[in-house]
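Residue numbers (the numbering used here): 468 to 655.
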Amino acid sequence: MIVSVLLLLVSLGVTAFSLWLHFPQISGAALAGLAGVFAALLLAPRKRRQATPRRWVVIDGSNVMYWGNSGPDLAVLSAVIGDLQARGLTPAVWFDANVGYLIGNRYQGPVDMAQRLGLPHRQVFVAPKGTPADPLLLEGAKALNARIVSNDRYRDWIEDHPLAAEPGRLVGGRIGAEGVTFAATRPG
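Now the structure itself:
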């Protein structure tokens with residue numbers, strides 16, 4: 468810390484003196500002084516923030532898109548994501564491979580879907596063609612120890628993924644005039 472402060476003070480002094488001596492031209496000494504200021508700022512110790520652990524929630528994007536009354540709608544999913552983020556949760560969104568064809572006329576991968584949802588691409592997943600998203604989503608929820616937002620009860624997957632049968636793990640919901648409403652879903 469002392470070294471970076473001294474470097475900053477000396478560099479500022481050299482810069483100021485050189486500018487005063489050679490004004491309006493910028494001398495080599497002034498440029499060297501500015502480089503020293505930059506180096507001092509880079510070397511200055513930064514106060515480290517305590518990383519708050521993320522509270523993850525896994526969203527079945529292919530399911531939640533249908534929570535409105537008009538077929539698959541990314542605006543509905545975006546509203547749910549926004550509500551969950553306002554509650555301090557970090558979403559991981561899973562889609563079936565056909566999501567791009569449901570909302571557009573072509574395949575859309577995780578980067579495309581992340582852009583459309585305003586999320587980092589590492590938080591959005593699209594199952595590979597021919598692979599159901601449900602078991603991948605359930606594995607992701609297990610790895611993150613996260614709740615799952617979906618109206619699906621995953622009955623076909625409970626044997627291999629008993630997590631889906633845990634009380635309180637599944638959170639269903641809907642969207643209406645009053646906004647997003649969530650409710651714990653009973654397993655099975």
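For every residue, glycine included, the Cβ atom is placed at its ideal position computed from N, Cα and C. Bear in mind the structure is a predicted one, so any value in this text is a computation, not a measurement.
Do residue j and residue i have their beta-carbon atoms positioned less than 8 angstroms apart in this structure?
{"i": "V566", "j": "G597", "result": "no"}
{"i": "L541", "j": "L586", "result": "no"}
{"i": "P595", "j": "A564", "result": "yes"}
{"i": "G639", "j": "S617", "result": "yes"}
{"i": "A600", "j": "Q590", "result": "no"}
Report all residues from its chain with a CB closer than 7 angstroms to the CB of residue i; omit the five preceding and five following residues, and keep chain order.
{"i": "R522", "result": "G555, L556 and T557"}
{"i": "I570", "result": "P539 and L541"}
{"i": "L605", "result": "Y621, W624, H628, L630 and A631"}
Identify whether residue i lies in helix, strand or coil by the three-state DSSP scheme.
{"i": "G535", "result": "coil"}
{"i": "R641", "result": "strand"}
{"i": "A600", "result": "helix"}
{"i": "G635", "result": "coil"}
{"i": "I469", "result": "helix"}
{"i": "D619", "result": "coil"}
Leaving out five residues before and five after residue i in sequence, what residues of the same chain have Cβ atoms less than 8 angstroms from its Cβ?
{"i": "I642", "result": "W534, G535, V543, A546, V547 and T648"}
{"i": "G607", "result": "V525, A559, W561, F592 and A613"}
{"i": "R609", "result": "Just to set this straight, residue 609 is Lys in the shown sequence, not Arg. Taken in chain order, the residues that qualify are H628 and L630."}
{"i": "Y568", "result": "Y574"}
{"i": "L603", "result": "W561, F592 and A594"}
{"i": "G646", "result": "A546 and D550"}
{"i": "F552", "result": "The sequence given here has Gln at residue 552, not Phe. Contacts found: P558."}
Less than 6 angstroms between C-beta atoms, sequence neighbours within five positions excluded: which residues of the same chain meet that for residue i?
{"i": "L611", "result": "W523"}
{"i": "V578", "result": "H588"}
Hey, could you find the ends of the beta strand (DSSP E) residue i is sitting in?
{"i": "T648", "result": "G646 to A651"}
{"i": "D540", "result": "Run containing D540: none; DSSP gives neither H nor E here."}
{"i": "D527", "result": "W523 to D527"}
Taking 7 angstroms as the cut-off, is the CB of residue i close to at least one heavy atom of the ligand MG?
{"i": "G528", "result": "Among the components of this structure there are no ligands whatsoever, and the ligand MG is therefore not found."}
Could you tell me which whole beta strand (DSSP E) segments of length 3 or greater appear in the segment 546-583?
557-562
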